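Residue numbers (the working numbering): 2 to 271.
Here's what the structure looks like:
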């Protein structure tokens, strides 16, 4: 196996009182400047001994921070110093300790991807947004889809296909015209990317405990890459995806701005 992944589940519940805060920032100048201001005001401690990690940047940096925190038990509170900021709270250097104490906790369970390449190499990675298979060259991919041991689609001709988490259903999945899924729904969207055949297939909603296997057909002629968030494996021939409930990323939001509310609100955005 070519990846080492965290294995310890997080403890339950947020800290009752927060005194040890670690500030991390993306390389963007605004994020670095914001971190300097916050550290000067509130101090700083190493992430490994912190009760809360405050991430300063955009959604991409927040995703990286959540991956680093997986299995460690520390909660992550993001403040937007980027563009969209779907996973972030509004930036302010005022009353941060009080905001952290009153924040709402959500626990995100990742997808675990197990990929086999044409060369026989095995890779494993985690995804908090989605696992996607994407064609590498000009020709469309051909992919067989099996769910819980039963072939559901003998051949999908497409640019790609993905399985998303509920939290990730508003990201690439939504851009590929997949459904938005509430956090409490216990469902995983399975969504094609530019499907050519069957042309009218729009994907499926799967139970959160489903095991999905993608088999790449004609891999030498139509090579495919598998991507779990920001981990890419090229020339895959078989990819297994399932949710891993033993791991959780703990993310904090300001009251009335929790992730469940954001996901619902996104469905009414025009």
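Just so you know, even glycine gets a beta-carbon here, dropped at the ideal spot from N, CA and C. Quick caveat: nothing in here was measured; it's all calculated off a predicted structure.
Next item on the list: Give every residue of the same chain whose Cβ lies closer than 8 Å to the Cβ of residue 96, excluding the five residues on either side of it in the sequence, and list them in chain order.
Entry: none
Note to self: Does residue 192 come out as helix, strand or coil in the three-state DSSP assignment?
What the structure shows: strand
Check: Can you list, in chain order, the stretches of the beta strand (DSSP E) that have 3 or more residues and sit fully within the region 93–128?
Finding: 105–109, 112–118 and 123–128
Margin query: DSSP three-state label for residue 211, please.
Written below: coil
Next item on the list: Take residue 246 and list the residues in its own chain whose beta-carbon comes closer than 6 Å to its own, dropping the five residues that flank it on each side.
Entry: 110
Note to self: In whole angstroms, give me the CA-to-CA distance for residue 270 and residue 183.
What the structure shows: 15 Å
Note to self: If the criterion is Cβ atoms closer than 8 Å, does the pair residue 166 and residue 214 meet it?
What the structure shows: no
Notebook entry, point to check: Skipping 5 residues on each side, what residues in its chain have a beta carbon closer than 7 Å to that of residue 84?
Noted result: 59
Margin query: With a threshold of 8 Å, are at least 3 pairs of Cβ atoms found where one atom belongs to the region 63–74 and the other to the region 128–140?
Written below: yes
Note to self: By the three-class DSSP mapping on this structure, what secondary structure does residue 174 have?
What the structure shows: helix
Margin query: Taking the straight line between their C-alpha atoms, what separation do you get for residue 120 and residue 265?
Written below: 43 Å
Checklist line | Helix, strand or coil at residue 70 [DSSP, three-state] | finding: helix
Check: CA-CA distance, residue 150 and residue 134?
Finding: 19 Å
Note to self: Just to confirm my understanding: we take residue 212, look at its own chain, exclude 5 residues before and 5 after, and list those with CB closer than 8 Å. What are they?
What the structure shows: 148, 149, 150, 241, 242 and 243
Margin query: I'd like to know whether the C-beta atoms of residue 272 and residue 82 end up nearer to each other than 8 Å.
Written below: Residue 272 lies beyond the range of the chain shown here (2 to 271); nothing can be said about it.
Checklist line | Sequence-distant residues of the same chain with beta carbon closer than 6 Å to residue 46, five excluded per side | finding: 21 and 23
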